[in-house]
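Engineer: Numbering (my numbering), first residue to last: 248 to 895.
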Amino acid sequence: MKVTLPIKIKSWKKIKQQLKFWREVALPGLSVVGLVMLVRSTGLLQSQEWLVFDQLLAHRPAEAVDTRVVIVGIDEDDINYVGGFPIPDNQLAKLLNILQTYQPRVIGLDIFKSQNRNPERVQLSSALRASPNLIGIEVVLNQSKTFNVKPPPEIPPERVGFADLIVDPDGKIRRSLLASKTYTKELKYSLPLRLAQAYLHSEGVVFHHGSRSYAPIQFGSLKLPRFLPNCGGYVRADANGNQILLNFRSHRQPFRTVSLRDVLNRKVDPNWIRDRIVIIGMTASSVKDSFITSAVKGTLYTTALGAEESSNQYQWIYGVEVHAHATSQILSRVLDKRPLLRVWPEFWEYLWILSWGLLGIILGLMLQSPWKTFLSLGLASLTLVGFCYILLVFGWWIPLVPTLLALSGAGLTASFFDRDLRTLLEERSLTLKRSFEAIHNGPLQTLAVMLRSLGEEELSTEELRSQLQQLNQELRSIPDSLSQEMLSRDESLCLEGNVVLDLQTPIAELLYQVYDLTLRRNFQGFTTIVSFIPPNFEPLEDSRLSTAQKRCLCLFLQEALCNVGKHAKEATRLDVICTQEPFWYCLKIIDNGAGIISESNYTGGRGGTNQAHEIARQLRGKFRRFPHSPQGTICELTWPVAMAWWRF
248 MKVTLPIKIK SWKKIKQQLK FWREVALPGL SVVGLVMLVR STGLLQSQEW
298 LVFDQLLAHR PAEAVDTRVV IVGIDEDDIN YVGGFPIPDN QLAKLLNILQ
348 TYQPRVIGLD IFKSQNRNPE RVQLSSALRA SPNLIGIEVV LNQSKTFNVK
398 PPPEIPPERV GFADLIVDPD GKIRRSLLAS KTYTKELKYS LPLRLAQAYL
448 HSEGVVFHHG SRSYAPIQFG SLKLPRFLPN CGGYVRADAN GNQILLNFRS
498 HRQPFRTVSL RDVLNRKVDP NWIRDRIVII GMTASSVKDS FITSAVKGTL
548 YTTALGAEES SNQYQWIYGV EVHAHATSQI LSRVLDKRPL LRVWPEFWEY
598 LWILSWGLLG IILGLMLQSP WKTFLSLGLA SLTLVGFCYI LLVFGWWIPL
648 VPTLLALSGA GLTASFFDRD LRTLLEERSL TLKRSFEAIH NGPLQTLAVM
698 LRSLGEEELS TEELRSQLQQ LNQELRSIPD SLSQEMLSRD ESLCLEGNVV
748 LDLQTPIAEL LYQVYDLTLR RNFQGFTTIV SFIPPNFEPL EDSRLSTAQK
798 RCLCLFLQEA LCNVGKHAKE ATRLDVICTQ EPFWYCLKII DNGAGIISES
848 NYTGGRGGTN QAHEIARQLR GKFRRFPHSP QGTICELTWP VAMAWWRF
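1. Using the C-alpha atoms, what's the distance from Arg513 back to Arg421?
2. Using the DSSP secondary-structure output, state which residues sit across from Pro874 in a beta bridge.
3. When you compare only the Cα positions, how much space is there between Leu834 and Glu785?
4. Among the candidates Asn380, Gln562, Ile526, Trp563, whose CA atom is the shortest distance from the CA of Gln350?
5. Which partner residues of Val386 appear in the DSSP bridge assignment?
6. Between the Cα of Thr794 and those of Gly566, Ser739, Ala374, Tyr328, spot the shortest distance and give me the residue it belongs to.
7. What does DSSP give as the partner residue(s) for Lys535 in the beta ladder?
8. Which runs of the alpha helix (DSSP H) fall wholly inside the stretch 545-592 and span at least 4 residues, in chain order?
9. Return the chain-ordered list of same chain residues with a C-beta closer than 8 Å to the C-beta of Lys816, the five sequence neighbours on each side being excluded.
10. To the nearest angstrom, how far is it from the Cα of Gln490 to the Cα of Phe538?
11. If you follow the alpha helix (DSSP H) that Phe409 is in, where does it begin and where does it stop?
12. Would you grab the beta carbon distance between Glu596 and Ile637 for me? Rounded to a whole angstrom, and I think it's under 8 Å.
13. So Pro472 and Leu587 are in contact, right, with Cβ under 8 Å, and what is the actual spacing, rounded?
14. Measuring alpha carbon to alpha carbon, tell me which of Leu388, Arg441, Thr429, Ala426 ends up nearest Val407.
15. In the DSSP assignment, the alpha helix (DSSP H) including Asn489 goes from what residue to what residue?
16. Is it buried or exposed for Asn494, if we count other Cβ within 10 angstroms and need 16 for buried?
17. So, is Gly208 buried or exposed, given that buried needs 16 or more other C-beta atoms within 10 angstroms?
18. Evaluate contact between the stretch 452-466 and the stretch 508-523, counting only Cβ atoms and requiring at least three cross-stretch pairs below 8 Å.
19. Please determine, among Glu861, Leu629, Gln615, the residue with the shortest C-alpha to C-alpha distance to Arg666.
20. Within the continuous beta strand (DSSP E) that includes Asp822, where are the two ends?
21. Give the single residue among Lys813, Leu764, Ser628, Ala818 whose Cα lies nearest to the Cα of Phe779.
22. Could you check the C-alpha separation between Lys470 and Lys619 for me, to the nearest Å?
23. Return the bridge partner residues of Arg422 from the DSSP annotation.
24. In whole angstroms, what separates the C-alpha of Gln858 from that of Thr880?
25. Along the alpha helix (DSSP H) that carries Val369, what are the first and last residues, could you check?
26. Got a sec: is the Cβ-Cβ distance from Arg503 to anything in chain B below 9 Å?
27. Using a 10 Å radius around the Cβ and a threshold of 16 neighbouring Cβ atoms, would you call Asp324 buried or exposed?
28. Does the Cβ-Cβ distance between Ala273 and Ile608 come in under 9 Å?
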């Protein structure tokens, strides 16, 4: 227990330090997530969320054509055929009479007609009264009565639906208004809801709705999800009345469409009309009954232009098509279980954004490589987009744009802060390392000589004063040398005596300078050396070494020579040998002094040896210290010829 307790305490301290480090790095990422949620709550991301929502809707898999809804589109050719616009009453009456012979279940007349009395109007009035399955339209939601349009008087109120549509601030259609109260507090229903109600009544599905417009609209046991002010990507939208999101049918031609001419000339397959919903409306560009959408694969307008000219970014859609989509989505939900568009509660949406933001922070912290961070955030973003797309296919609209911003923004912010903090810690560690090297290779070497001299011989006061002055000078020069190295961005190496080596110099010349300067130091071991082989560093000339690698070799040579000067007693020979093997470089420092007794790779705690092993690790090589026969010591450093360029 006495042994394991300190280990547990040490581990706990390490965990606390890591948590503190992560907290410092995670806070900026969390701030980004909070900023994204704040920006979203102000509505600044509405347009972007709408745009992405539309594009995802437009790129859903194609659905089958809804044959229950048929559009009778009156285009430019039809207008010319009947003699102009507005459509003459007698031609419209003829159209209704012919359609009735095909036995449609319900007809929606999405055309406004004047109520002036004339012979042609009598024919139309007769046709309207003879069509109990006909539903007309009105405009009732304008505050000024001048802009409202009354329905034909021949049609009773229970067979009238308003044609008012909701246009978002960007000019596009995304919602369907099903029920609303007028400014006179009268409850009114839309044309699509009236058509769906009449069709489903024949199927035995009962319609339920309270006296308030915002009360749930129910067909049988199915309640339609009501649009709310902060629904999906909307922020504080006008949710008056009873609205639902438009789940456009995903098909280039989602409904069968026939022209007025085809019906008048009886060129329509009766099976297309029998027991169907028929909506009559204008599909002529000269009649301003068109809107903008980018959530559909195709419209009658783009089909008329040609598929090559259609664009999902900006498509015109006729009002009659919007009513057809709104009617179809109700029928498909009740009869086919096709999902309507739904959203999560606000709390879950923001929790979703926060969760992905936390994932981004975790990725930014765990993957310390910038490339790995970018790659992981990219994969996470693709996963998020795919997940949102799949959910939308099944009817769920969840936040994508703010979630992507939170994921990438928090991840990159955490990664950058983590990198900056780690760089700062590495710089501090490097400063400590440089300080150790400067002290170890300078003043400590001088101090070691002094201590050995004091132990082996008597030093006079003058000699001691001289050595102490030298030690003092070396200590005082350390800050200046460290500052110079840092300012040169590690492209220089300061040695004793304020000598500065430019690490851009070829390695052979650098090692010659280190060799010469070190042998001039006042070490007792150097005084007895009488024989040595002049060093030859030329084999290293072709080596591709970075400034950091050159620094390592210079420090290794300096340390090895200093060890000879301090510890090689009665050495008379010193050889520095540099060779190149097929796959390895080798640098040996050999002396014949009183060396170590047996061969050893010695990895003890002494600073010089640890420094040598660290240098070998940085060079991806090996360091060994072993005895030389018959007497002496060999310090050997080997490293590979071809080194990975990313190591430094």
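By construction, the Cβ of each residue, glycine as well, lies at the ideal position given by its N, Cα and C atoms.
Structural biologist: In this structure, then:
1. Here residue 421 refers to the residue found at position 174 of the sequence shown. Here residue 513 refers to the residue found at position 266 of the sequence shown. If you take the alpha carbons of Arg421 and Arg513, they lie about 36 Å apart.
2. By one-based count along the sequence shown, residue 874 stands at place 627. BP columns for Pro874 point to Thr880.
3. For the purposes of this step, residue 834 is taken as the residue at position 587 of the sequence shown. For the purposes of this step, residue 785 is taken as the residue at position 538 of the sequence shown. For Leu834 and Glu785, the distance between alpha carbons rounds to 12 Å.
4. For the purposes of this step, residue 350 is taken as residue 103 along the sequence shown, with counting starting at 1. Out of Asn380, Gln562, Ile526, Trp563, Asn380 has the C-alpha closest to the C-alpha of Gln350.
5. Stepping through the sequence shown from its first residue, residue 386 is reached at position 139. In the DSSP output, where bridge partners are listed per residue, Val386 has Val396.
6. Looking up residue 794 in the sequence shown gives position 547. Among Gly566, Ser739, Ala374, Tyr328, the Cα nearest to that of Thr794 is on Ser739.
7. By one-based count along the sequence shown, residue 535 stands at place 288. According to DSSP, Lys535 bridges with nothing at all.
8. 547-552, 566-583
9. In the sequence shown, residue 816 corresponds to position 569, counting from 1. These residues qualify, in order along the chain: Gly772, Gly840, Ala841.
10. Numbered from its first residue, the sequence shown carries residue 490 at position 243. Numbered from its first residue, the sequence shown carries residue 538 at position 291. Taking the straight line from one Cα to the other gives about 18 Å.
11. Along the sequence shown, read from residue 1 onward, the residue named residue 409 stands at position 162. No alpha helix (DSSP H) contains Phe409, which is instead part of the beta strand (DSSP E) from 407-409.
12. For the purposes of this step, residue 596 is taken as the residue at position 349 of the sequence shown. For the purposes of this step, residue 637 is taken as the residue at position 390 of the sequence shown. Not really, about 17 Å apart at Cβ, beyond 8 Å.
13. In the sequence shown, the residue the question calls residue 472 occupies position 225. In the sequence shown, the residue the question calls residue 587 occupies position 340. That pair is a contact at about 6 Å.
14. Locating residue 407 in the sequence shown gives position 160, counting from the first residue. Cα-wise, what sits closest to Val407 is Arg441.
15. Position 242 of the sequence shown holds residue 489. No alpha helix (DSSP H) holds Asn489; the beta strand (DSSP E) holding it covers 489-492.
16. On the sequence shown, residue 494 is found 247 positions in, with the first residue counted as 1. Asn494 should be labelled buried.
17. Absent from the structure is residue 208, since the part of the chain shown begins at 248 and ends at 895.
18. no
19. Sequence index remark: in the sequence shown, residue 666 carries index 419 (1-based). When only C-alpha atoms are compared, the closest one is Gln615.
20. Against the sequence shown, residue 822 aligns to sequence position 575. Element bounds for Asp822: 820-827.
21. Within the sequence shown, residue 779 is the residue found at index 532, counting from 1. Checked all of Lys813, Leu764, Ser628, Ala818; the closest Cα to Phe779 is Ala818.
22. The sequence position of residue 470 within the sequence shown is 223, counting from 1. The sequence position of residue 619 within the sequence shown is 372, counting from 1. Lys470 and Lys619: Cα-Cα distance of roughly 48 Å.
23. Numbered from its first residue, the sequence shown carries residue 422 at position 175. Bridge partners of Arg422: Ile413, Leu492.
24. The residue you call residue 858 lines up with position 611 of the sequence shown. The residue you call residue 880 lines up with position 633 of the sequence shown. When rounded, the distance between both Cα atoms is 18 Å.
25. Counting from one through the sequence shown, the residue named residue 369 turns up at place 122. Where Val369 is concerned, the enclosing alpha helix (DSSP H) stretches over 366-376.
26. In the displayed structure, chain B is absent; only one protein chain is listed.
27. If you number the sequence shown from 1, residue 324 lands on position 77. By the 10 Å Cβ count, Asp324 comes out exposed.
28. As a position in the sequence shown, residue 273 is number 26, starting the count at 1. As a position in the sequence shown, residue 608 is number 361, starting the count at 1. Contact: yes.
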